[in-house]
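First up is the structure itself, then whatever we jot down about it.
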Amino acid sequence: PGDEDLIIPPTTEENAIEKGKELSLWAALATCAVMYSVPYGFVRWNLHTLAPLLWYELGLATALGTLMAMPFISAIGYPAAKYELNMPILARSSFGIWGAEFTDACRATLGFLLYAVQTLVGGEAVFGLFKTTFIAASIESDVVVRAMSYAMFWVVQLTISLRTVPSSRLLASGQTVLALVAGFIAWTLRQGIPQTAIGSLISAGMPGALPNEFWKHAWLMVGVWVTLASVYPDYTAHIKGSRTAPIGQFFWLPLLSGLFAIVAA
């Protein structure tokens with residue numbers, strides 16, 4: 076009683092994810108998983124990349140870790156898509172009112188930490204872009220350039236956030252990522268980079284045993300996806316045609332995560 080607003084299905088005409096647009100959702104979520112794994116590479120191996128692995132090992136470890144997390148992700152995402160239930164509603168039905176309050180508090184703390192990671196990765200990405208272009212050519216201080224980079228990153232973030240709803244924002248992000256990755260792949264094919272990499276791999280013969288870092292990174296990706304599961308239903312609840320959700324999760328998320336990890340490296 077008094078909580079009727081919590082049981083109203085969250086999907087509206089404005090934020091619904093229509094059938095055929097799930098790929099953009101999976102692309103955006105895969106990008107988030109790869110992005111949030113970057114700081115782990117720095118903490119564990121003191122690297123400004125994901126892991127000390129060869130490109131094919133990195134892609135395979137990322138895809139395998141994502142696949143291992145899929146049963147847990149599907150167990151949360153499928154009911155959300157089928158019954159249009161976001162995470163607060165699922166938490167209340169599982170743990171009651173007070174349990175849902177505690178869950179929301181934990182999600183708020185996690186969201187704060189994820190925003191911090193997002194700021195770090197996004198700000199450093201803009202900083203790297205500024206340093207390689209004419210924008211920072213006349214500025215000697217890296218501190219000033221880095222401050223400009225972080226400020227611009229958050230101005231863009233706030234502008235997008237204030238003008239869009241979360242689901243449409245995530246879809247637009249996924250579409251942008253797919254376009255950028257497609258352009259990157261086209262450029263590498265034109266330069267002959269994949270052919271050279273595959274040729275050198277074939278000429279080297281059968282690869283040896285997988286290094287320990289391979290499994291460390293795979294299990295790290297499982298942890299990343301389990302962490303993202305706390306916000307996962309908030310987006311899958313808006314999918315129209317829930318029967319396609321498990322197929323997309325088990326196929327596209329591992330494939331795209333592995334591909335994006337290779338591109339990020």
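Here the sequence shown is numbered in my numbering, starting from 76 and rising by one per residue.
Note that the Cβ used here is the ideal one computed from N, Cα and C, for glycine as well.
Here the structure is a predicted model, which is why all the values come from computation and not from measurement.
Minimum C-alpha distance to F228 - residue among L204, T208, I337 and E215: Here the question's residue 228 lines up with position 153 in the sequence shown. Ranking L204, T208, I337 and E215 by Cα distance to F228 puts L204 first.
Please report the distance separating the alpha-carbon of E132 from that of I235. Residue 132 sits at position 57 when you count from the first residue of the sequence shown. Residue 235 sits at position 160 when you count from the first residue of the sequence shown. CA-CA distance, E132 to I235, rounds to 35 Å.
Selected residue, minimal CA-CA separation from V357, among P163, L295, L334 and I314: This structure cannot settle anything about residue 357, because the visible part of the chain is limited to 76 through 340.
Helix, strand or coil: which one does DSSP assign to I214? Your numbering for residue 214 matches position 139 in the sequence shown. It is coil, neither helix nor strand.
Per DSSP, which one or two residues make a beta bridge with I322? As a first step, residue 322 is located in the sequence shown; it is residue number 247 there, counting from the start. Within the DSSP bridge table, the entry for I322 names no partner.
Between I148 and Q324, is the Cβ-Cβ spacing less than 8 Å? Taking the first residue of the sequence shown as position 1, residue 148 is located at position 73. Taking the first residue of the sequence shown as position 1, residue 324 is located at position 249. Yes, these two residues count as a Cβ contact at 8 Å.
Taking just the CA atoms, how far does F202 sit from L233? Your numbering for residue 233 matches position 158 in the sequence shown. Your numbering for residue 202 matches position 127 in the sequence shown. C-alpha separation (whole angstroms): 18 Å.
Helix, strand or coil: which one does DSSP assign to N161? Counting from 1 along the sequence shown, the entry for residue 161 is found at position 86. Reduced to three states, the DSSP call for N161 is coil.
Whose C-beta lies closer than 6 Å to the C-beta of I214 among residues of the same chain, with five residues either side of it excluded? As a position in the sequence shown, residue 214 is number 139, starting the count at 1. Excluding positions up to five away in sequence, the list reads V220.
Secondary structure of A340, DSSP reduced to three states: Here residue 340 refers to the residue found at position 265 of the sequence shown. The answer is coil: DSSP assigns A340 none of H, G, I, E or B.
6 Å CB neighbourhood of L255 in its chain, flanking five on each side removed: Numbered from 1 along the sequence shown, position 180 holds the residue referred to as residue 255. Excluding residues within five positions, none has a Cβ falling inside 6 Å.
Between V196, V338 and K157, which lies nearest to Y225 when the distance is taken from Cα to Cα? Walking along the sequence shown from the start, residue 225 turns up at place 150. For Y225, the nearest C-alpha among the options comes from V196.
In angstroms, rounded to a whole number, what distance separates the CA positions of P146 and W294? Within the sequence shown, residue 146 is the residue found at index 71, counting from 1. Within the sequence shown, residue 294 is the residue found at index 219, counting from 1. Distance between the alpha carbons of P146 and W294: 14 Å.
Below 7 Å CB to CB, which residues in the same chain sit around T311 once its five sequence neighbours on both sides are set aside? Locating residue 311 in the sequence shown gives position 236, counting from the first residue. Cβ neighbours of T311 beyond the five flanking positions: G152, A155, A156 and A320.
Going by C-alpha to C-alpha distance, which of L98, L104, A102 and V113 sits closest to H292? If you number the sequence shown from 1, residue 292 lands on position 217. Per the Cα distances, V113.
Using three-state DSSP, classify T194 as helix, strand or coil. Taking the sequence shown and counting its residues from 1, one reaches residue 194 at position 119. Here DSSP, grouped into helix, strand and coil, assigns T194 to helix.
Roughly how many angstroms lie between the CA atoms of F259 and A336, to the nearest whole one? Taking the first residue of the sequence shown as position 1, residue 259 is located at position 184. Taking the first residue of the sequence shown as position 1, residue 336 is located at position 261. Their backbone Cα atoms lie some 13 Å apart in a straight line.
Can you tell me whether G249 is buried or exposed? The criterion is at least 16 other CB atoms within 10 Å of its CB, across all chains shown. Your numbering for residue 249 matches position 174 in the sequence shown. Within 10 angstroms of the beta-carbon of G249 lie 16 or more other beta-carbons, which makes it buried.
Starting from L129, trace the alpha helix (DSSP H) in both directions and tell me its first and last residue. On the sequence shown, position 54 is the one that residue 129 refers to. Neither: L129 is in no alpha helix (DSSP H) and is coded neither H nor E.
Reduced DSSP secondary structure (H/G/I, E/B, other) of S305: In the sequence shown, counting from the first residue as 1, residue 305 sits at position 230. It is coil, neither helix nor strand.
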